[in-house]
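*Asks:*
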Amino acid sequence: MSLFSKSLLTVAISMLFLTACGGDEAQLQKNSTVEKVYNWKLVTSWPKNFPGLGTAPENFAKLVNKMSNGRLTIKVYGAGEIVPGFQVFDAVSQRTAEMGHAASYYWKGKMPAAPIFTATPFGLNAQETNGWIHYGGGLELWRELYKPFGVIPFAGGNTGVQSAGWFKREINGVEDLQGLKMRIPGLGGEVLQKLGGVPVALTGGEIFTSLQSGAIDATEWVGPYNDLAFGFHKVAEHYYVAGWHEPGAMLEFTVNESAFNELPQDLQAIVEVATRAVNQDMLDEYTVRNNAALEQLKNKHGVVLKKFPAEVMFALKQASIEVINEQKSKDEMFNRIMSSYQAFQKQVTDYHNLSELEYYQNRNR
């Protein structure tokens with residue numbers, strides 16, 4: 128081979144090498160853009176890893192990490208680790224944390240309509256709530272409500288029908304509610320107040336000691352699964368199980384709007400899908416765990432299950448109607464959201480009376 132041919136070969140090989148290197152560099156640059164890692168904080172209103180409520184955001188974080196192949200990592204903090212449980216919404220709005228997990232009725236002071244998205248007394252159950260939120264216009268109204276705060280809400284789990292609560296004295300009539308100091312948030316608290324009771328706002332971690340010390344006379348929390356975990360049977364004798372105040376208690380994931388908009392579309396979709404998965408997963412878990420916990424409360428701890436007298440339940444329902452109508456007249460957004468909620472409830476009740484209720488009655492004969 129001539130010297131000239133060797134020179135041409137050398138140049139050709141060099142050009143191929145440089146082209147390859149340039150291609151690799153372009154691919155590396157492309158990959159580095161695609162593989163950008165986002166690190167988020169998620170603050171909650173629950174004790175760290177508390178059964179059901181506290182494990183749901185942990186499960187969410189694991190799902191997101193796995194589905195994103197580590198491109199979106201989320202660290203979960205329990206109540207008080209970064210902010211107190213009642214400051215989760217503010218933390219997300221101000222981007223102290225990119226995400227939160229809590230219950231919307233804690234933000235009643237900011238938005239009178241917020242409690243609707245946790246539960247309405249004598250309202251929708253879990254199945255019906257999910258229907259209204261995702262296919263009945265509820266989610267759009269919810270996001271409109273939170274929009275001024277730069278916060279995007281997602282359904283974040285449901286505990287199903289909650290127990291009426293633990294009481295240190297029996298409730299034999301409406302008069303027994305007079306002066307009763309009870310931990311009960313949201314619209315249920317306003318109903319109790321209308322009947323002469325005193326609603327008290329407490330996060331989960333404060334309830335046991337408040338019952339024990341006598342600072343409160345009663346509490347609702349969730350149901351057998353979580354009530355057993357907190358040990359309420361040790362400090363309150365009377366367990367009323369027929370719920371009325373939270374027939375389908377929905378929790379929420381909240382996301383800072385700016386942080387969400389910074390994510391590429393595939394990661395945004397992962398966040399949405401993971402919230403939907405956890406929303407259903409929590410209801411599945413509570414359906415199983417409540418059964419087992421209730422058996423343990425009865426058989427191991429000797430707890431006797433009680434129901435409110437019919438006159439008390441009737442008074443609670445009438446007071447609920449009054450509270451809702453008063454709120455509708457005071458706040459335009461509450462009126463819009465509740466009107467949507469009530470229209471959906473009428474439709475779904477008509478159908479469920481023919482399907483679900485009829486089936487339960489036939490099954491239980």
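Okay, so the sequence shown: first residue is 128 according to the working numbering, each after it adds one.
The beta-carbon is built from N, C-alpha and C at its ideal position, and this holds for glycine as well.
Note that the coordinates shown come from a computational prediction; the quantities given were computed from them, not determined experimentally.
Where do the N-terminal and C-terminal ends of the beta strand (DSSP E) with H360 fall, by residue?
*Replies:* H360 -> no beta strand (DSSP E), and no H or E assigned at all.
*Asks:* For L484, count the other beta carbons within 10 Å of its own beta carbon; 16 or more makes it buried, fewer makes it exposed. Which is it?
*Replies:* Counting Cβ neighbours within 10 Å, L484 comes out exposed, since fewer than 16 surround it.
*Asks:* Measuring only the C-alpha atoms, how far is Y487 from G283?
*Replies:* So the two alpha carbons sit approximately 28 Å from each other.
*Asks:* Can you list, in chain order, the residues of its chain whose CB lies under 6 Å from that of N166, leaving out five sequence neighbours each side?
*Replies:* Only T200 meet the Cβ criterion.
*Asks:* Enumerated in chain order, which unbroken segments of the alpha helix (DSSP H) with a length of 4 residues or greater are wholly contained in the segment 319-374?
*Replies:* Counting only runs of 4 or more, we get 331-340, 351-357.
*Asks:* According to DSSP, is A153 helix, strand or coil?
*Replies:* Caution is warranted here: a pLDDT of 49 is assigned to A153, below 50, making its placement in the model unreliable, and the coordinate value is therefore given only provisionally. DSSP places A153 in helix when its eight states are reduced to three.
*Asks:* So which of R490, M440, K361, E453 has the shortest CA-CA distance to F249?
*Replies:* Residue M440 is the option with its Cα nearest to F249.
*Asks:* Can you check DSSP and say which residues form a bridge with G227?
*Replies:* According to DSSP, G227 bridges with V170, T381.
*Asks:* In the DSSP assignment, the alpha helix (DSSP H) including N426 goes from what residue to what residue?
*Replies:* Looking at the DSSP string, the run of the alpha helix (DSSP H) that includes N426 is 392-426.
*Asks:* Straight-line CA distance for F335 to P326?
*Replies:* Approximately 16 Å between the Cα atoms of the pair.
*Asks:* With a threshold of 16 other CB atoms inside 10 Å of the CB of A253, please say whether the residue is buried or exposed.
*Replies:* Burial call: buried.
*Asks:* Would G227 and T171 be called neighbours here (beta carbons separated by less than 9 Å)?
*Replies:* Result yes, Cβ atoms of G227 and T171 sit closer than 9 Å.
*Asks:* Along the beta strand (DSSP E) that carries W293, what are the first and last residues, could you check?
*Replies:* 292-294 is the extent of the beta strand (DSSP E) around W293.
*Asks:* Are W269 and Y366 touching if we call contact CB-CB under 9 Å?
*Replies:* No. Outside cutoff.
*Asks:* In the DSSP assignment, what residue or residues form a beta bridge with K308?
*Replies:* Partner(s): V325.
*Asks:* What is the rounded straight-line gap between the Cα of K202 and the Cα of R492?
*Replies:* So the alpha carbons of these two residues sit roughly 49 Å apart.
*Asks:* Between L481 and A470, what straight-line distance do the alpha-carbon atoms span, to the nearest angstrom?
*Replies:* Rounded to whole angstroms, L481 to A470 spans 18 Å at the Cα level.
*Asks:* Do M409 and A183 have their beta-carbon atoms positioned less than 9 Å apart in this structure?
*Replies:* Taking 9 Å as the Cβ cut-off, A183 and M409 qualify as a contacting pair.
*Asks:* Is the separation between the beta-carbon of V219 and that of N383 shorter than 9 Å?
*Replies:* Against a cut-off of 9 Å, the Cβ pair of N383 and V219 comes out as a contact.
*Asks:* Could you tell me how far apart the beta carbons of V301 and L322 are, in whole angstroms, since I believe they sit closer than 8 Å?
*Replies:* Their Cβ separation, rounded to whole angstroms, is 6 Å, which keeps V301 and L322 in contact under 8 Å.
*Asks:* With a Cβ-Cβ cutoff of 9 Å, do R296 and E347 count as a contact?
*Replies:* Result no, Cβ atoms of R296 and E347 do not sit closer than 9 Å.
*Asks:* Apply the 10 Å Cβ neighbour rule to P275 and answer buried if 16 or more other Cβ atoms are within range, or exposed otherwise.
*Replies:* The residue in question, P275, is exposed, as its Cβ has fewer than 16 Cβ neighbours within 10 Å.
*Asks:* Which residue or residues does DSSP assign as beta-bridge partners of N462?
*Replies:* Its beta-bridge partners do not exist; DSSP assigns none.
*Asks:* Could you pull the start and end residues of the alpha helix (DSSP H) that F216 belongs to?
*Replies:* Element bounds for F216: 215-220.
*Asks:* Following the continuous beta strand (DSSP E) through G265, name the residue where it begins and the one where it ends.
*Replies:* From DSSP, G265 is part of no beta strand (DSSP E) but of the alpha helix (DSSP H) over 265-273.
*Asks:* State buried or exposed for Y273, treating a residue as buried only when at least 16 other CB atoms are found within 10 Å of its CB.
*Replies:* Y273 should be labelled buried.
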